[in-house]
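Engineer: Residue numbers (our numbering): 19 to 214.
Beta carbons are placed, not taken as given, at the ideal position from N, Cα and C, and that holds for glycine.
Got a structure for you, questions after.
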(Lines of atoms letter the chains of each structure in order from A; the text may use other names.)
(Lines give C-alpha, C1' and ligand atoms only; values in the text may rest on other atoms or scores of the structure.)
Protein backbone atom coordinates (compact mmCIF):
# COMPACT_ATOMS: atom_id res chain seq x y z
CA UNK A 19 0.00 0.00 0.00
CA UNK A 20 1.39 3.37 -1.05
CA UNK A 21 1.47 6.05 1.64
CA UNK A 22 1.83 9.80 1.07
CA UNK A 23 5.09 11.40 2.04
CA UNK A 24 4.37 14.04 4.68
CA UNK A 25 5.69 17.24 3.15
CA UNK A 26 3.61 19.44 5.48
CA UNK A 27 6.68 19.71 7.70
CA UNK A 28 9.78 20.01 5.54
CA UNK A 29 13.18 18.78 6.68
CA UNK A 30 14.58 22.30 6.27
CA UNK A 31 11.59 24.62 5.74
CA UNK A 32 12.37 27.79 3.79
CA UNK A 33 16.14 27.30 4.09
CA UNK A 34 18.61 26.97 1.24
CA UNK A 35 20.81 23.95 2.02
CA UNK A 36 23.82 23.10 -0.18
CA UNK A 37 23.87 19.69 -1.88
CA UNK A 38 26.15 17.98 -4.36
CA UNK A 39 24.16 16.38 -7.18
CA UNK A 40 25.18 14.15 -10.07
CA UNK A 41 23.03 15.27 -12.99
CA UNK A 42 21.98 13.00 -15.86
CA UNK A 43 22.57 14.56 -19.27
CA UNK A 44 19.48 13.53 -21.23
CA UNK A 45 20.99 14.93 -24.45
CA UNK A 46 24.11 12.72 -24.18
CA UNK A 47 23.99 10.06 -26.92
CA UNK A 48 25.17 7.50 -24.33
CA UNK A 49 21.94 8.22 -22.42
CA UNK A 50 19.47 7.85 -25.29
CA UNK A 51 17.91 4.75 -23.74
CA UNK A 52 17.81 6.36 -20.31
CA UNK A 53 16.14 9.48 -21.76
CA UNK A 54 13.38 7.24 -23.15
CA UNK A 55 13.08 5.49 -19.78
CA UNK A 56 12.86 8.86 -17.97
CA UNK A 57 10.20 10.17 -20.35
CA UNK A 58 8.19 6.95 -20.02
CA UNK A 59 8.41 6.97 -16.23
CA UNK A 60 7.41 10.63 -16.00
CA UNK A 61 4.52 10.11 -18.42
CA UNK A 62 3.30 7.14 -16.39
CA UNK A 63 3.28 9.14 -13.13
CA UNK A 64 1.87 12.33 -14.67
CA UNK A 65 -1.04 10.64 -16.45
CA UNK A 66 -1.91 7.05 -15.62
CA UNK A 67 -1.04 7.36 -11.91
CA UNK A 68 -1.60 11.08 -11.27
CA UNK A 69 -4.23 10.21 -8.64
CA UNK A 70 -1.41 8.75 -6.52
CA UNK A 71 1.83 10.46 -7.51
CA UNK A 72 3.43 13.88 -8.04
CA UNK A 73 6.10 13.32 -10.73
CA UNK A 74 9.42 15.16 -10.54
CA UNK A 75 10.04 16.90 -13.91
CA UNK A 76 12.91 15.10 -15.64
CA UNK A 77 14.93 18.33 -15.88
CA UNK A 78 15.18 18.21 -12.04
CA UNK A 79 16.22 14.54 -11.86
CA UNK A 80 19.45 14.11 -9.90
CA UNK A 81 21.38 11.62 -7.81
CA UNK A 82 22.29 13.17 -4.46
CA UNK A 83 25.94 12.64 -3.51
CA UNK A 84 25.90 14.65 -0.27
CA UNK A 85 23.95 17.20 1.69
CA UNK A 86 26.73 19.58 2.73
CA UNK A 87 25.25 21.22 5.82
CA UNK A 88 23.60 19.56 8.81
CA UNK A 89 20.06 20.76 9.39
CA UNK A 90 20.99 22.44 12.69
CA UNK A 91 24.13 24.18 11.36
CA UNK A 92 24.65 27.59 9.81
CA UNK A 93 24.86 27.27 6.04
CA UNK A 94 28.40 27.97 4.76
CA UNK A 95 28.94 31.36 3.12
CA UNK A 96 28.97 31.72 -0.68
CA UNK A 97 32.73 32.36 -0.49
CA UNK A 98 33.28 29.11 1.42
CA UNK A 99 31.14 27.17 -1.05
CA UNK A 100 33.14 28.65 -3.95
CA UNK A 101 36.32 27.51 -2.17
CA UNK A 102 34.81 24.03 -1.88
CA UNK A 103 33.99 23.98 -5.61
CA UNK A 104 37.55 25.06 -6.47
CA UNK A 105 39.00 22.38 -4.20
CA UNK A 106 36.74 19.67 -5.61
CA UNK A 107 37.40 20.45 -9.28
CA UNK A 108 40.84 18.83 -9.66
CA UNK A 109 39.67 15.70 -7.82
CA UNK A 110 36.57 15.35 -9.98
CA UNK A 111 38.54 15.98 -13.18
CA UNK A 112 40.29 12.65 -12.53
CA UNK A 113 37.07 10.72 -11.90
CA UNK A 114 35.87 8.84 -14.98
CA UNK A 115 32.17 9.09 -15.86
CA UNK A 116 30.01 6.62 -13.96
CA UNK A 117 27.98 4.13 -15.94
CA UNK A 118 25.20 2.62 -13.85
CA UNK A 119 22.12 0.55 -14.58
CA UNK A 120 18.97 2.60 -13.94
CA UNK A 121 15.79 0.76 -12.90
CA UNK A 122 12.53 2.41 -11.73
CA UNK A 123 11.27 0.87 -8.48
CA UNK A 124 8.41 1.64 -6.14
CA UNK A 125 9.08 2.42 -2.50
CA UNK A 126 6.58 3.01 0.31
CA UNK A 127 6.08 6.71 -0.58
CA UNK A 128 8.05 7.39 -3.77
CA UNK A 129 9.17 6.11 -7.13
CA UNK A 130 12.94 5.91 -7.31
CA UNK A 131 15.23 5.04 -10.15
CA UNK A 132 17.71 2.69 -8.50
CA UNK A 133 21.30 2.99 -9.74
CA UNK A 134 23.44 -0.16 -9.66
CA UNK A 135 26.02 -1.22 -8.79
CA UNK A 136 25.94 1.07 -5.76
CA UNK A 137 29.65 0.43 -5.16
CA UNK A 138 30.49 2.54 -8.24
CA UNK A 139 28.79 5.48 -6.54
CA UNK A 140 31.09 5.30 -3.50
CA UNK A 141 34.15 6.87 -5.18
CA UNK A 142 32.58 10.30 -5.80
CA UNK A 143 30.91 10.12 -2.37
CA UNK A 144 34.26 9.39 -0.69
CA UNK A 145 36.09 12.17 -2.56
CA UNK A 146 33.36 14.72 -1.81
CA UNK A 147 33.22 13.71 1.86
CA UNK A 148 36.97 14.13 2.31
CA UNK A 149 37.13 17.50 0.56
CA UNK A 150 34.01 18.82 2.32
CA UNK A 151 35.41 17.83 5.72
CA UNK A 152 38.69 19.61 4.92
CA UNK A 153 37.16 22.82 3.51
CA UNK A 154 33.95 23.14 5.55
CA UNK A 155 34.99 21.29 8.70
CA UNK A 156 33.93 17.79 9.79
CA UNK A 157 30.58 19.04 11.11
CA UNK A 158 29.69 20.16 7.56
CA UNK A 159 30.66 17.01 5.69
CA UNK A 160 26.93 16.25 5.70
CA UNK A 161 24.68 13.27 5.13
CA UNK A 162 25.85 10.47 2.89
CA UNK A 163 23.45 8.87 0.43
CA UNK A 164 24.65 5.27 0.29
CA UNK A 165 21.87 3.88 -1.93
CA UNK A 166 22.37 5.61 -5.25
CA UNK A 167 19.04 6.68 -6.73
CA UNK A 168 17.07 9.38 -8.51
CA UNK A 169 13.64 10.24 -7.10
CA UNK A 170 11.11 10.30 -9.95
CA UNK A 171 7.92 11.00 -8.00
CA UNK A 172 6.31 11.31 -4.57
CA UNK A 173 3.08 9.75 -3.37
CA UNK A 174 0.40 12.30 -2.42
CA UNK A 175 -2.56 9.95 -1.81
CA UNK A 176 -2.63 6.49 -0.24
CA UNK A 177 -3.54 3.69 -2.62
CA UNK A 178 -2.91 0.23 -4.04
CA UNK A 179 0.71 -0.12 -5.14
CA UNK A 180 0.35 -3.25 -7.31
CA UNK A 181 -0.69 -1.62 -10.64
CA UNK A 182 2.03 1.04 -10.43
CA UNK A 183 4.65 -1.50 -9.41
CA UNK A 184 3.76 -3.67 -12.44
CA UNK A 185 3.86 -0.67 -14.79
CA UNK A 186 7.31 0.33 -13.52
CA UNK A 187 8.64 -3.21 -13.96
CA UNK A 188 7.41 -3.12 -17.57
CA UNK A 189 9.63 -0.08 -18.24
CA UNK A 190 12.72 -2.24 -17.68
CA UNK A 191 16.15 -0.73 -17.07
CA UNK A 192 18.69 1.25 -19.09
CA UNK A 193 22.33 2.27 -18.68
CA UNK A 194 22.94 5.79 -17.40
CA UNK A 195 26.21 7.69 -17.82
CA UNK A 196 26.81 10.35 -15.17
CA UNK A 197 29.61 12.82 -15.88
CA UNK A 198 28.45 16.13 -14.38
CA UNK A 199 28.33 17.18 -10.73
CA UNK A 200 26.74 20.41 -9.51
CA UNK A 201 26.69 22.29 -6.22
CA UNK A 202 23.02 23.19 -5.72
CA UNK A 203 21.21 25.21 -3.07
CA UNK A 204 18.06 23.16 -2.43
CA UNK A 205 15.05 24.92 -0.90
CA UNK A 206 12.06 23.12 0.61
CA UNK A 207 8.91 25.15 1.15
CA UNK A 208 5.92 24.20 3.23
CA UNK A 209 2.68 23.67 1.35
CA UNK A 210 1.88 22.04 -2.00
CA UNK A 211 4.83 20.40 -3.77
CA UNK A 212 6.32 22.45 -6.63
CA UNK A 213 9.52 21.97 -8.60
CA UNK A 214 11.11 25.19 -9.84
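Among 40, 69, 81, 49, which one has its Cα closest to the Cα of residue 20?
Structural biologist: 69
Engineer: Count the other C-beta atoms from every protein chain shown that fall within 10 angstroms of the C-beta of residue 170, then say buried if there are 16 or more, exposed otherwise.
Structural biologist: buried
Engineer: I'd like to confirm the pairing. Which residues does DSSP put opposite residue 122 in its beta bridges?
Structural biologist: 131
Engineer: What first and last residue would you give for the alpha helix (DSSP H) that runs through residue 60?
Structural biologist: 50 to 61
Engineer: Would you check if the segment 82 to 93 and the segment 33 to 40 touch, i.e. whether three or more CB-CB distances between them fall below 8 Å?
Structural biologist: yes
Engineer: Let me confirm a value: residue 122 is counted as buried when at least 16 other C-beta atoms fall within 10 Å, else exposed. Which label applies?
Structural biologist: buried
Engineer: Whole angstroms are fine: how far does the CA of residue 96 sit from the CA of residue 185?
Structural biologist: 43 Å
Engineer: Taking the CB atoms as reference points, tell me whether residue 201 and residue 102 lie closer together than 9 Å.
Structural biologist: yes
Engineer: Can you look up residue 148 in the DSSP assignment and give me helix, strand or coil?
Structural biologist: In the three-state scheme derived from DSSP, where H, G and I count as helix and E and B as strand, residue 148 is classed as helix.
Engineer: Please list, in chain order, all residues of the same chain as residue 205 whose beta carbon is under 6 Å from its beta carbon, the five residues on each side excluded.
Structural biologist: These residues qualify, in order along the chain: 34.
Engineer: Around the Cβ of residue 147, are there at least 16 other Cβ atoms within 10 angstroms (buried) or fewer (exposed)?
Structural biologist: buried
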